[in-house]
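Working notes for the structure below.
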Amino acid sequence: MNILHVVNIYFVLPYFIGDQFKYFKEKGYNMNVVCSRSEYLASYAKEQGFDYIESPVNRSISLKDDFVTIWKICRFIKKKKIDIVVGHTPKGGLLAMISAWIMRVPNRIYFRHGLVYETSQGLKRFILMSVDRLTSLCATKIVCVSPSLLKKSIEDKLAPAKKQVILGHGTCGGIDTINKFNPEKVDLQKVSDLRKRLGINIQDYIIGYSGRLVRDKGIVDLINAFDLLDNSENCKLLFVGMFEDRDALPETVRTRIENDPRIIYTGFVNGGMEYYYALMDVYILPSYREGFGMGLLEAQAMERPVLTTKVTGCCDAIVEGETGLFVSHDPQDIANKINSIRFRHLIDGRNGRKWVMKYFDNRIIWNEIEKLYQ
């Protein structure tokens, strides 16, 4: 069986799909990818055992590039005799599903990783919803990555309910809780070396975040909350991720992240994320919208207490009072909850690991994906 995944950027492959390619290749599936150009793609393809072509999958509308990519995907489908096309993210999903529909691929799966329009208004919101509906129309099956995302998708009439599913309790590929996000497998010397490289002292209290640094992720609220913490002399913020032009942070906030000695900014990290979680005392995702807060699951698998908002996607990612706490977008509330975990030790991180292993281990989710393929 020949399977093609279409994504917009390389980051989606290790973050959303992980070792899934290697797993299915070992089971006899032929895996393929279409992705925008990346310096990391060749080595990752060799490691995971998939074929690929590079073609622009821009987040913004670019008629020339979009038509070129659709044409390339169609040619690739014909050349490789693709049986299943899987599209990820709004733009990757759109180009994938249109191409697969044109080529009459019988199994067309759209992974809905979130609802971009949730934080948009007016004409922009209408256009984004219309694009998602067109993608859904071309798909034969739609995977919503969380229960709340499925509920919202049905409420907003993006596609018929019978066409939409979730995998187990959610996510698009699960978490590797055994070999990667496992505190017992972490090399303590590597943790120590990373701490020194980032300038973190052993007594520092690290408030961590991973992902894109944009407004929708609540980064501005987190920065403001950081300024309200009690006895914060030894507190530091650790941002693991990259800035983006779309939904960009205010320039003053970006400048502070890059220059404040109490804020550690790593930029994009290609692998080894478990070592960054190992440095954190608490993980926070104060997002305004999500598909499923994967960073929340990864942090919990590493036995870290977590804080997040009750928005779509995030509301499915913790057990309130057991693995983490919900916060509002009020900086004072965020600061109070950080103080509660820091001084009152309200959350035992081991609860989070048990919960993630039970419901979100990648082997559980991959088994559900194989059912879709078959």
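The sequence shown begins at 0 in numbering that gives the first Met the number 0 and counts up one residue at a time.
Just so it is clear, CB atoms sit at the ideal spot from N, CA and C, and this is done for glycine as well.
The structure displayed is predicted, hence computed values, not measured ones.
Burial state of residue i (16 or more Cβ within 10 Å)
i	result
Val46	A quick correction: the sequence has Glu, not Val, at residue 46. It counts as exposed.
Gln163	buried
His344	exposed
Ile201	exposed
Glu154	exposed
Arg341	buried
Ser42	exposed
Ala247	exposed
Gly198	exposed
Ala158	buried
Gly320	exposed
Arg107	buried
Asp121	The sequence shown places Gly at residue 121, not Asp. Exposed.
Ala334	buried
Arg74	exposed
Distance CB(residue i)-CB(residue j) smaller than 8 Å
i	j	result
Met102	Ala138	no
Gly292	Gly323	no
Ile81	Asn31	yes
Asp65	Leu94	yes
Trp354	Tyr22	no
Gly169	Ser145	yes
Thr68	Val56	yes
Ile141	Val104	no
Leu278	Ile205	yes
Leu295	Ile317	yes
Leu114	Lys156	no
Thr176	Ala300	yes
Tyr445	Leu221	Nothing can be reported for residue 445, as the shown portion of the chain is limited to 0 through 373.
Phe49	Cys171	no
Ser37	Ile2	no
Ser147	Cys314	yes
Val310	Arg288	yes
Glu302	Gly348	yes
His382	Gly290	The displayed coordinates of the chain run from 0 to 373. Any statement about residue 382 would go beyond what the structure contains.
Ala165	Leu149	Checking the sequence, you will find Ile at residue 165 rather than Ala. In contact: Ile165 and Leu149 (Cβ atoms closer than 8 Å).
Glu243	Arg211	yes
Residues near residue i in its chain [Cβ-Cβ closer than 8 Å; skip 5 each side]
i	result
Phe267	Phe10, Gly240 and Met241
Asn269	Pro13 and Tyr39
Met0	Gly27, Tyr28, Asn29, Asp82, Ile83 and Tyr372
Asp378	Past the edges of the chain, shown from 0 to 373, lies residue 378, and the structure says nothing about it.
Val219	Leu248, Pro249 and Val252
Val190	Tyr274, Ala277 and Leu278
Ile337	Ile206, Ala224, Leu228, Val281, Ile283 and Leu306
Arg245	Arg58, Ser59 and Val213
Residues near residue i by beta carbon distance below 6 Å, same chain, minus five either side
i	result
His87	Val6, Val11 and Phe110
Lys179	Glu273
Arg261	Lys235
Ala44	Tyr51
Thr265	Val239
Trp100	Cys137
Leu237	Ile205, Gly207 and Ile263
Other residues of its chain near residue i: CB distance less than 7 Å, five sequence neighbours each side excluded
i	result
Gly167	Tyr358, Ile363, Ile364 and Glu367
Arg124	Tyr116
Lys90	Asn7, Val56, Asn57 and Arg58
Arg194	Leu278
Asp332	Val326
Ser119	Leu127
C-beta neighbour in chain D for residue i, strict 8 Å
i	result
Tyr204	No chain D appears in this structure, which consists of one protein chain only.
Closer than 7 Å: residue i CB and nearest the ligand MN heavy atom
i	result
Gly348	Looking at this structure, you won't find the ligand MN or any other ligand, since it has none at all.
What are the complete beta strand (DSSP E) segments, minimum 3 residues, inside the region 230-271? 234-239 and 262-264
At what residue ranges does the region 124-204 contain a whole run of the beta strand (DSSP E), taking only runs of 3 or more? 140-143
Touch test, the region 325-335 against the region 352-363, Cβ-Cβ under 8 Å, three pairs minimum: no
Are the region 174-187 and the region 212-223 in contact at 8 Å, needing three or more beta carbon pairs? no
With three or more C-beta pairs closer than 8 Å as the rule, is the region 120-138 touching the region 221-232? no
Starting from the N-terminal side, write out each stretch of the alpha helix (DSSP H) that is 4 residues or longer and does not extend beyond the region 260-329. 272-278 and 293-300
Determine, using beta-carbon pairs with one atom in the region 283-303 and one in the region 248-256, whether at least three such pairs fall under 8 Å. no
3-residue-minimum beta strand (DSSP E) runs that sit fully inside the region 323-370, ordered along the chain: 323-325
Continuous alpha helix (DSSP H) assignments of at least 4 residues falling wholly in the region 50-89: 62-79
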